[in-house]
Each structure stands twice: as C-alpha cells, then as structure tokens.
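Asker: Following this message is one structure expressed as structure tokens.
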Amino acid sequence: MRILSALGALATGFVIAGCASNGLVVETVVEYGPIGSRLPNSHADGDGFIAALTPPDGNDEWRVLARWKDPDVWDTDFLDQKTWDESNFDQPGAAISFFSGHGLTGPYGESPPHRCSHSSECKTPPPQAGPRGICKAAGTPGHAVGDTSQCVYYNDRSLVTFSSKDQFGHVANYSGGRAKWGESKNSGPWAGAGTDGGTNLVVLDSSWGVLASFWYEQTHAAMAGVHFLATTLPVTGDYLNDPQRGAAFGKRWAQDSGSSVSQSWLVAMNAIPGGGFDMSGCHFVIAYDESSERALKHLDEDWSELKNDGWDAKGNAVYWARWLCNWTSQITDDTIFELK
127 MRILSALGAL ATGFVIAGCA SNGLVVETVV EYGPIGSRLP NSHADGDGFI
177 AALTPPDGND EWRVLARWKD PDVWDTDFLD QKTWDESNFD QPGAAISFFS
227 GHGLTGPYGE SPPHRCSHSS ECKTPPPQAG PRGICKAAGT PGHAVGDTSQ
277 CVYYNDRSLV TFSSKDQFGH VANYSGGRAK WGESKNSGPW AGAGTDGGTN
327 LVVLDSSWGV LASFWYEQTH AAMAGVHFLA TTLPVTGDYL NDPQRGAAFG
377 KRWAQDSGSS VSQSWLVAMN AIPGGGFDMS GCHFVIAYDE SSERALKHLD
427 EDWSELKNDG WDAKGNAVYW ARWLCNWTSQ ITDDTIFELK
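Per the numbering used here, residue 127 is the first one in the sequence shown, and the count goes up by one each step.
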C-alpha cells in the first residue's frame, strides 16, 4: 500500500497563531427504515472515535460539542443556512465533525458497462450523470482488482439521514453547493456562506465519499474554510460499516499527538480487515486553500495544529489530495484510478 499525492511540493515552514478549537461533533445513523439497509455499527464507530479522543486521563484536550444519533441526525445539519449547520455539524468551536452512515451516489456507469482502455472513449453518460467521463482503471497491473476497466461519469455525492425533521428527502448533497463547511471569522466569507461555521476537519465515514477522478467537482463547493476533508474512495467495492474505524483513527492521537492527522485517517484502514472494503477501495483526504503551500500545510497538520483556527482556509483555488488503497501498486499519481 502506498500514500499518494495529487500534487508534489515541499511545505514552507511558518506558523500562524489563532484561537484553538477542540470540540467534537459526532453524528451517526443506524436505522434507515424503508429507505436503506440498517447499519448496525455506525453508533459504535462514532462512540469509538469519541472514546479514543476523550480518555479518562486525556486532560480534557478534546470535548464533545454534540452527539446526535438516528432521528436526531437531520439532513439540514450538513447544509448551510441560519441555524442549520452552524448549530450542528459545522458549529463554531468544532475541531472535528464526524459522520458515520450511508453515503449516496446516483447512476454513474453505462448499462451495460462500457469497457474501455482510454478516457476519450467515455462519451455516453447515463441519465442524471454529468457529461465528463473517465475510464476507471481496474483489473490490470497496479490497478484495483475485482473488475475490468469501464467508463464512469460525474455524479454528486450525498449523505443519507432518516428523520421526520428532514427537509431534503433524507439526502444532504455536499457536491451541489448547499453545503459550506468551516466558514469562520478566521477564514473570512469568501465562500459566500458568511462566517458562522467553524469546524476544522470533516470526516465522512460513509460509502461513496468521492469517485476518482472527480474529487474536485464533488468536494470543492463544500470547502468554505475547513482545513481538510477525510472520506472514502471506493473503486471496485463498497465501503463496509465497521465499528472500529473511528477508534482506529482517534487512537493515532493517543499514540502520537504529533502525528499527521490526515495520515492518521489514511492508515486507519490498516486496522480493519480488507481495509474496510468488500473489494478494492481507498481512504482519501483533500485540502483546499488560496495557495499550494497553505493547502499542503493542512495535510501535514498534527493534532495540535488542527485546532488552530488561524489556519482556516482562505480560499479554494488550490487543492492537495492523498490516498491510501488496499491493494499494492507502484503507480504514484492519479493514473492508479484512470486510464488516460
């Protein structure tokens, strides 16, 4: 397994002082009624994350701001409007906002599958998919196992909730522009969402976090000041609802508070059989800011630096992305996912 980057450069050594946020917001859904399969391990996933960061001898370094479960998790918690995300998932004082539950994607492949050898062949998106297509690499040396290469197309990504309080059909779309995470007095209102948010890290422990190589389109609209996003990147398999993932991530702080937070998310998959996928998949992180140096710095932040609100992103002009996958490969760029 390899840690890969979408860009390559050296970080500049500099420090920005700011207020410190140490709050945790954890929202998990087990019960989906008639709209989706039950996820029995979501609550344990979130509780394990909290327990890892708030041990009895932890000197209150982290504090729980909100812990919502099942019907108390609303689709509006994740979307930007007065009293919605600012009072829930993206509230001021939050260092980490963590969701465990179903993720959602619409149609993204042709039917029958269009087998391909180059992205230029992918020109016939299915209904409700975007026009851009790629040849998703699989079944060849260095690429994902469990399938052969096929055309896939852009589709928005969403979180799924199940509450009588939901206002968007139990679906919180974070690609289409209604989600704005991390906007604060430190980031400024550049994303058009004011300055009433404040979380520094969003963790989406759900299926279909991003699809390679569409991570920019699927995430950039939601990045409004948050330091970075940590999520999943399924390739040929689905993401499994594992009870240990949150704890594996949080325990990296307990073991070494000077470790990189983004790296901690990536390697958390090593604590789970198969990396937590039923076939091939990856853990994924992406950071945006106004410059390459600042964006890269977010992915190098340790657990203490993550709390520093002075590092809230000032823009989304540049991104850095990294991933760790559950198969062995010597490919060190995004051609691990796409036949270009």
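Glycine is no exception: its CB is placed at the ideal position from the N, C-alpha and C atoms.
1. So T202 packs on W210, CB below 8 Å; how close in whole Å?
2. Could you tell me the distance, in whole angstroms, from the CA atom of L450 to the CA atom of A319?
3. Examine the Cβ distances between the stretch 331 to 342 and the stretch 224 to 231 and report whether three or more of them are shorter than 8 Å.
4. Looking only at DSSP bridge pairs, what is Q276 linked to?
5. For N167, which residues from the same chain have a beta carbon less than 7 Å from its beta carbon, with the 5 sequence-adjacent residues on both sides left out?
6. Starting from K195, follow its DSSP beta bridges and name the residues at the other end.
7. Taking C145 as the reference, which of V444, E431, Q456 has the closest Cα?
8. Under a three-way DSSP split, which group does A319 fall into?
9. Let me see if you follow: with CB-CB separation under 7 Å, is P315 close to chain E or not?
10. Leaving out five residues on either side along the sequence, give the residues of the same chain with a beta carbon under 6 Å from the beta carbon of M405.
11. Going along the chain, which residues of its own chain have a beta-carbon closer than 7 Å to the beta-carbon of A135, five neighbours each way excluded?
12. Just how far apart, CA to CA, sit D322 and N185?
13. Beta carbon of S313, beta carbon of A220: below 7 Å?
14. What does the alpha-carbon distance come out to for the pair G295 and D183?
15. Where does L355 fall in DSSP's three states?
16. Let me know if P104 comes out buried or exposed under the rule of 16 or more other beta-carbons within 10 Å of its beta-carbon.
17. Would you say P233 and Q254 are within 7 Å of each other, going by their C-beta atoms?
18. Considering just the uninterrupted stretch of the beta strand (DSSP E) at L450, what are its terminal residues?
19. At the level of alpha carbons, what is the spacing between G139 and D415?
20. On the criterion of 16 or more Cβ atoms from any shown chain inside 10 Å, does N396 qualify as buried, or is it exposed?
21. Would you call V152 buried or exposed, if buried means 16 or more other Cβ atoms sit within 10 Å of its Cβ?
22. Could you say which of D173, R420, R371, I161 lies nearest to P399 if we only look at CA atoms?
Answerer: Taking the definition as stated:
1. Yes, T202 and W210 are in contact; Cβ-Cβ is about 4 Å, under 8 Å.
2. For L450 and A319, the distance between alpha carbons rounds to 32 Å.
3. Inter-segment contact for the stretch 331 to 342 and the stretch 224 to 231 is present: three or more beta-carbon pairs are separated by less than 8 Å.
4. Beta-bridge analysis with DSSP links Q276 to R241, K262.
5. Excluding five sequence positions before and after N167, the CB atoms of its chain that fall closer than 7 Å to its own CB belong to N367, D368, P369, given in chain order.
6. DSSP, once it has assigned bridges, lists T154 as partnering K195.
7. Minimum Cα distance to C145 is reached at E431.
8. The three-state secondary structure of A319, taken from DSSP, is coil.
9. Absent from the structure: chain E. Only one protein chain is present.
10. Same-chain partners within the cutoff: G272, T362, G363.
11. Per-residue confidence for A135 stands at a pLDDT of 33, beneath the threshold of 50, marking its modelled position as unreliable; no derived number is given.
12. D322 and N185 have their alpha carbons spaced roughly 28 Å apart.
13. Between S313 and A220, the CB-CB gap reaches or exceeds 7 Å.
14. So the alpha carbons of these two residues sit roughly 42 Å apart.
15. DSSP places L355 in the strand class (E or B) of the three-state scheme.
16. Lying before the first or after the last residue shown, residue 104 is absent from the chain, which here runs from 127 to 466.
17. For the 7 Å CB-CB criterion, P233 and Q254 form a contact.
18. In this chain, the beta strand (DSSP E) harbouring L450 covers 444 to 451.
19. Bear in mind that the predicted position of G139 carries a pLDDT of just 45, short of 50, making it unreliable; the figure below should be weighed with that in mind. Those two C-alpha atoms are separated by around 16 Å.
20. N396 is exposed by the Cβ-count criterion.
21. By the C-beta density criterion, V152 is buried, having at least 16 other C-beta atoms within 10 angstroms.
22. Selected option, being the one with the closest Cα: R371.
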